[in-house]
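Undergrad: Residue numbers (our numbering), protein chains in the order written: chain A, 1 to 348; chain B, 1001 to 1348. Input: one structure, supplied below.
2 protein chains.
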Amino acid sequence: MQDLKERQKQVLQMIVTTYVDTINPVGSRTISKFYQKCYQGELSPATIRNEMHNLEERDYIEQPHTSAGRVPTDKGYRYYVDCLMPEPKVPPHVAALVAREYRDKIHHIETLVERTSKILSTLSEQAGLVIFPSFEQLALKRIELTPIGRQHLLVVCVTNSGFIQSSMIDMKEVIPESELSRLNRFLNQELEGVLLADIHTHLADRLEQAQDSLRALYKAAHAIVLESFPKAAERRIALEGSRHVLEQPEFQNFEKSRRLFKMLESKESLMNLIHGTSEHPGAQVQIGLEHQCQDMRDCSFVTAQYRVNERIVGTLGVVGPRRMHYDRIVSLVDFVSRRLGEALEKWL
Amino acid sequence: MQDLKERQKQVLQMIVTTYVDTINPVGSRTISKFYQKCYQGELSPATIRNEMHNLEERDYIEQPHTSAGRVPTDKGYRYYVDCLMPEPKVPPHVAALVAREYRDKIHHIETLVERTSKILSTLSEQAGLVIFPSFEQLALKRIELTPIGRQHLLVVCVTNSGFIQSSMIDMKEVIPESELSRLNRFLNQELEGVLLADIHTHLADRLEQAQDSLRALYKAAHAIVLESFPKAAERRIALEGSRHVLEQPEFQNFEKSRRLFKMLESKESLMNLIHGTSEHPGAQVQIGLEHQCQDMRDCSFVTAQYRVNERIVGTLGVVGPRRMHYDRIVSLVDFVSRRLGEALEKWL
DNA sequence: AATTAGCACTCTCTAGTACCGAGCGCTAAT
DNA sequence: ATTAGCGCTCGGTACTAGAGAGTGCTAATT
């Protein structure tokens, strides 16, 4: 694809920005006036019409119907986001608002995540969503076995960064106190520094190579670990402010809003759409059909990974109509993802 | 309010049921035919019109406009729910569906609650909601202090019914192992059988009466309890299937759906609406403006408390348009509330 | 006294029509 | 390469007419 001429870029940019602002298909007259104001040059509507024709031939814009103005296509938005959009910058008052939300101590990780989702939604005026962090990529610091009554064992593990994961397991047979504390010491020796994701295989490997004298110990340890770390921890999503999307004029249409809500309510589909996105730092944008999901063809996603100790632990972002203020939203999502990471690091 | 005549009841009942089924204001002709089918009697449209006139004068039904059929008012629905509705009965296939959802072991309480909410939503074809259980009204069985590293203390408490609540607290100063286990034993002696809600005041009272020798111990215990049981545990709500309400014809109207979603997204308002409801067993119904909330004037709530060991621990229910199948929904909500209670009891 | 047939009236909903205006494409002139 | 001008297309709005559903009222009937 050969690149666009300078003036075509200008026209495309104006079409995108005015369309995003006004929802009205943009006509040549409007652009002509706008051009005068922005670039001091003089261009007649007819000239603009010619440029528009070129842009339309190359699929950057389209007409909803004859005798209407032009509207950006997915490709047009994409070009805008990649090449035309002003450098994303978070305005100070937004930064201040976000900072204030994270200021006071938050006791539950749920609260933190849900609050983040709400921040995204309020400041973007779209739907905000946060996939709950997974600590699979963090290293184990210590593990603690506590008997609860006679029947149950509470397994608590703490990661390097101070996160706690606890679960209760049934014990088939009663393990004496002394045995338990030996097992506990053993687990800590074996597993300190191992990634939570690798604990299973680590123990399984060691069990195979183990001498007979240690086999029993390994076996007990493995059993405990197996039960207390469910293999595929189902990940939760916090979604806030879907009503904002509903309020967009393009979703007045009943059929469209129905489809949208079907999607937003299915956590699995949402997960698929935004979880696989690239690992590069900074925000990614998926525009319209780029994500291949017919039901969401009128929506765009702006997402970013968030990190703890430079390890990716989750994804967050914003869902809105294709017609969105990409520059504002991209900077917001990027900014919030960093703040959430920091908040998690400072958490305990 | 004097009661209705038998035939008026019949007419009102037919108006409610056919309106709920069809969304169309019900005319005298329709009722006349319906009457023939149900009661074998013969009544001309004109007679029905007279009865309708009476019912309208007494505010049980109203006309959207002259020359339209009749529609039940809040008062009309209320009379239907209180006096006319068939005895709520859960059809066997619904019971089976619900039972299946609770059959396999569920590891997290979040999963259990969210699944319940989804059940309510799917089977009612409305929005389902469950307020997370609060264990404040359950008695403490044991409490366990575990040091994590040198900085933190994990406080785990188990209720009579086997529920776990754990929280991590910062320690200002390092407490030696022996001191800690003494404290632990002490806490268990003091607090076994006390309601979670009363733990604070219980310890505070004892502290005041304590002899000097025990003062230090009480003080430490109180400090720990204060930090690990946040005073007002903010309660979460699981809400599923709001899209169903959106799909109802009466919410096609943009302004109405906007108002509805504003409400549904504000957990606090929802909480206020359904939390205060009566403690009687079985489902309660709030119809239209009965709940005094203008933003929800077109909605009804069907809610029920759910219990663990006969103690109320939470509320669940269904939100939908005023025009809903009250008999079906009431039986469903009542049924599910009992099943959730049982599931929680059998939980560990 | 209760019921019913008949009729005039009201109001919504739909379809059809006409018209306005925005915006385009094309051609010919600059 | 740019632009002025013209004819054309098409969505949106306003207006009208007619159909249909349903009522309320009156007078007749049981």
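The beta-carbon is built from N, C-alpha and C at its ideal position, and this holds for glycine as well. Quick caveat, the model's predicted, so the values are computed rather than measured.
For the region 1093 to 1105 of chain B and the region 1016 to 1029 of chain B, state whether three or more C-beta atom pairs, one from each stretch, are separated by less than 8 Å.
TA: No contact exists between the region 1093 to 1105 of chain B and the region 1016 to 1029 of chain B.
Undergrad: Roughly how many angstroms lie between the CA atoms of A/S70 and A/I15, to the nearest whole one?
TA: Residue 70 of chain A sits at position 70 when you count from the first residue of the first sequence. Residue 15 of chain A sits at position 15 when you count from the first residue of the first sequence. Reading the sequence as shown, one finds Arg at residue 70 of chain A and not Ser. For A/R70 and A/I15, the distance between alpha carbons rounds to 7 Å.
Undergrad: For chain B, is any of its Cβ atoms less than 9 Å away from the one on A/F254?
TA: Taking the first residue of the first sequence as 1, we reach residue 254 of chain A at position 254. It does: the Cβ of A/F254 has a partner Cβ on chain B nearer than 9 Å.
Undergrad: In three-state DSSP terms, what is A/V302?
TA: Position 302 of the first sequence, counting from 1, holds the residue named residue 302 of chain A. If DSSP states are grouped into helix, strand and coil, A/V302 belongs with the strands.
Undergrad: Tell me whether the beta-carbon of A/K141 lies closer than 9 Å to the beta-carbon of A/T159.
TA: Counted from its first residue, the first sequence places residue 141 of chain A at position 141. Counted from its first residue, the first sequence places residue 159 of chain A at position 159. Contact: yes.
Undergrad: Could one say the Cβ of B/I1119 lies closer than 9 Å to chain A's Cβ atoms, at least one of them?
TA: Translated into the one-based positions of the second sequence, residue 1119 of chain B becomes position 119. Closer than 9 Å: no.
Undergrad: Based on Cα-Cα distance, which residue from A/T73, A/S161, A/K9 lies nearest to A/R323?
TA: On the first sequence, residue 323 of chain A is found 323 positions in, with the first residue counted as 1. When each option's Cα is compared against that of A/R323, the closest is A/T73.
Undergrad: Counting pairs of Cβ atoms below 8 Å between the region 1275 to 1290 of chain B and the region 1249 to 1264 of chain B, do you hit three or more?
TA: No contact exists between the region 1275 to 1290 of chain B and the region 1249 to 1264 of chain B.
Undergrad: Checking contacts by CB at 9 Å: is A/T111 closer than that to chain B?
TA: As a working mapping, residue 111 of chain A is identified with position 111 in the first sequence. Yes, its Cβ sits closer than 9 Å to a Cβ of chain B.
Undergrad: Which value, in whole angstroms, describes the spacing of the CA atoms of B/I1119 and A/G341?
TA: Along the second sequence, read from residue 1 onward, the residue named residue 1119 of chain B stands at position 119. Along the first sequence, read from residue 1 onward, the residue named residue 341 of chain A stands at position 341. Distance between the alpha carbons of B/I1119 and A/G341 is about 35 Å.
Undergrad: Rounding to the nearest angstrom, what Cα-Cα distance links A/N272 and B/R1058 in this structure?
TA: Residue 272 of chain A sits at position 272 when you count from the first residue of the first sequence. Residue 1058 of chain B sits at position 58 when you count from the first residue of the second sequence. If I take the Cα positions, the gap works out to 56 Å.
Undergrad: Please decide whether A/S181 counts as near chain B, where near means a Cβ-Cβ distance under 9 Å.
TA: Here residue 181 of chain A corresponds to residue number 181 of the first sequence, with the count starting at 1. Not one chain B Cβ lies under 9 Å of A/S181.
Undergrad: Under 8 Å from any heavy atom of the ligand MG, does the C-beta of B/E1062 make it?
TA: Looking at this structure, you won't find the ligand MG or any other ligand, since it has none at all.
Undergrad: Taking the CB atoms as reference points, tell me whether A/Y306 and A/V81 lie closer together than 9 Å.
TA: Taking the first residue of the first sequence as 1, we reach residue 306 of chain A at position 306. Taking the first residue of the first sequence as 1, we reach residue 81 of chain A at position 81. Not a contact, by the Cβ cut-off of 9 Å.
Undergrad: Rounded to a whole number of angstroms, what is the C-alpha to C-alpha distance between B/V1174 and B/T1146?
TA: Start at 1 with the first residue of the second sequence, and residue 1174 of chain B comes out as number 174. Start at 1 with the first residue of the second sequence, and residue 1146 of chain B comes out as number 146. Near 13 Å, if we compare the C-alpha coordinates of B/T1146 and B/V1174.
Undergrad: Less than 8 Å between C-beta atoms, sequence neighbours within five positions excluded: which residues of the same chain meet that for A/Q151?
TA: Numbered from 1 along the first sequence, position 151 holds the residue referred to as residue 151 of chain A. These residues qualify, in order along the chain: D170, M171.
Undergrad: Could you tell me which chain A residues have their CB closer than 8 Å to the CB of B/G1149, listed as they occur along the chain?
TA: Taking the first residue of the second sequence as 1, we reach residue 1149 of chain B at position 149. The contacting residues are K141, R142, V158.
Undergrad: At the level of alpha carbons, what is the spacing between B/L1260 and B/M1296?
TA: Reading the second sequence from its first residue, position 260 is the one you call residue 1260 of chain B. Reading the second sequence from its first residue, position 296 is the one you call residue 1296 of chain B. Near 6 Å, if we compare the C-alpha coordinates of B/M1296 and B/L1260.
Undergrad: From the DSSP output, which residues share a beta bridge with B/A1127?
TA: The residue given as residue 1127 of chain B occupies position 127 in the second sequence. B/V1319, per the DSSP bridge assignment.
Undergrad: Alpha carbon to alpha carbon, how far is B/S1167 from B/D1104?
TA: Walking along the second sequence from the start, residue 1167 of chain B turns up at place 167. Walking along the second sequence from the start, residue 1104 of chain B turns up at place 104. In a straight line, the C-alpha of B/S1167 is about 28 Å away from that of B/D1104.
Undergrad: Anything in chain B within Cβ reach of A/K105, meaning under 8 Å, just list it in chain order.
TA: The count along the first sequence starts at 1 and reaches residue 105 of chain A at position 105. None at all; the shortest Cβ gap to chain B is about 10 Å.
Undergrad: Do three or more CB pairs link the region 1004 to 1012 of chain B to the region 106 to 114 of chain A at distances below 8 Å?
TA: At 8 Å Cβ cutoff, the stretches do not touch.
Undergrad: What's the gap between the Cα of A/Y35 and the Cα of A/L43?
TA: Counted from its first residue, the first sequence places residue 35 of chain A at position 35. Counted from its first residue, the first sequence places residue 43 of chain A at position 43. Between A/Y35 and A/L43, the C-alpha separation is close to 7 Å.
Undergrad: Since A/T146 meets chain B, which of its residues come closer than 7 Å, beta carbon to beta carbon?
TA: Locating residue 146 of chain A in the first sequence gives position 146, where the first residue counts as 1. Simply E1144, T1146, V1156.
Undergrad: I want to see whether chain A comes within less than 9 Å of B/R1058, judged by CB atoms only; does it?
TA: Locating residue 1058 of chain B in the second sequence gives position 58, counting from the first residue. Not one chain A Cβ lies under 9 Å of B/R1058.
Undergrad: Rounded to a whole number of angstroms, what is the C-alpha to C-alpha distance between B/I1329 and B/H1108?
TA: By one-based count along the second sequence, residue 1329 of chain B stands at place 329. By one-based count along the second sequence, residue 1108 of chain B stands at place 108. Rounded to the nearest angstrom, the two C-alpha atoms are 27 Å apart.
Undergrad: Count the other C-beta atoms from every protein chain shown that fall within 10 angstroms of the C-beta of B/D1021, then say buried if there are 16 or more, exposed otherwise.
TA: Counted from its first residue, the second sequence places residue 1021 of chain B at position 21. Flag for B/D1021 reads exposed.
Undergrad: Based on DSSP bridge pairs, tell me the residues matched to B/G1314.
TA: Position 314 of the second sequence, counting from 1, holds the residue named residue 1314 of chain B. B/Y1306, per the DSSP bridge assignment.
Undergrad: Mind checking whether B/L1289 and B/L1196 have CB atoms under 9 Å apart?
TA: As a position in the second sequence, residue 1289 of chain B is number 289, starting the count at 1. As a position in the second sequence, residue 1196 of chain B is number 196, starting the count at 1. No, Cβ-Cβ distance for B/L1289 and B/L1196 is not below 9 Å.
Undergrad: Any idea if A/C299 is buried or exposed, counting beta-carbon neighbours within 10 angstroms, 16 or more meaning buried?
TA: Position 299 of the first sequence, counted from the start, is the residue given in the question as residue 299 of chain A. Looking at its Cβ environment, which holds 16 or more other Cβ atoms inside 10 Å, A/C299 is buried.
Undergrad: Is A/Q126 buried or exposed, if buried means 16 or more other CB atoms sit within 10 Å of its CB?
TA: In the first sequence, residue 126 of chain A corresponds to position 126, counting from 1. Counting Cβ neighbours within 10 Å, A/Q126 comes out buried, since at least 16 surround it.
Undergrad: Check each candidate in A/Q8, A/P133, A/S124, A/K5 and name the one with the smallest Cα separation from A/R311.
TA: Taking the first sequence and counting its residues from 1, the one referred to as residue 311 of chain A is at position 311. Minimum Cα distance to A/R311 is reached at A/P133.
Undergrad: Looking only at its chain, what residues have a beta carbon closer than 6 Å to the beta carbon of B/M1052, apart from the 5 residues adjacent to it on each side?
TA: Within the second sequence, the letter at position 52 stands for residue 1052 of chain B. Cβ neighbours of B/M1052 beyond the five flanking positions: R1070.
Undergrad: Who are the neighbours of B/G1241 on chain A, taking C-beta pairs under 9 Å?
TA: Taking the first residue of the second sequence as position 1, residue 1241 of chain B is located at position 241. In chain order: E265.
Undergrad: Tell me the DSSP secondary structure of A/Q137 in three-state form.
TA: Your numbering for residue 137 of chain A matches position 137 in the first sequence. Three-state DSSP puts A/Q137 in coil, outside helix and strand.
Undergrad: Kindly indicate the opening and closing residues of the alpha helix (DSSP H) around B/D1327.
TA: Position 327 of the second sequence, counted from the first residue, corresponds to residue 1327 of chain B. 1326 to 1345 is the span of the alpha helix (DSSP H), which, as asked, contains B/D1327.
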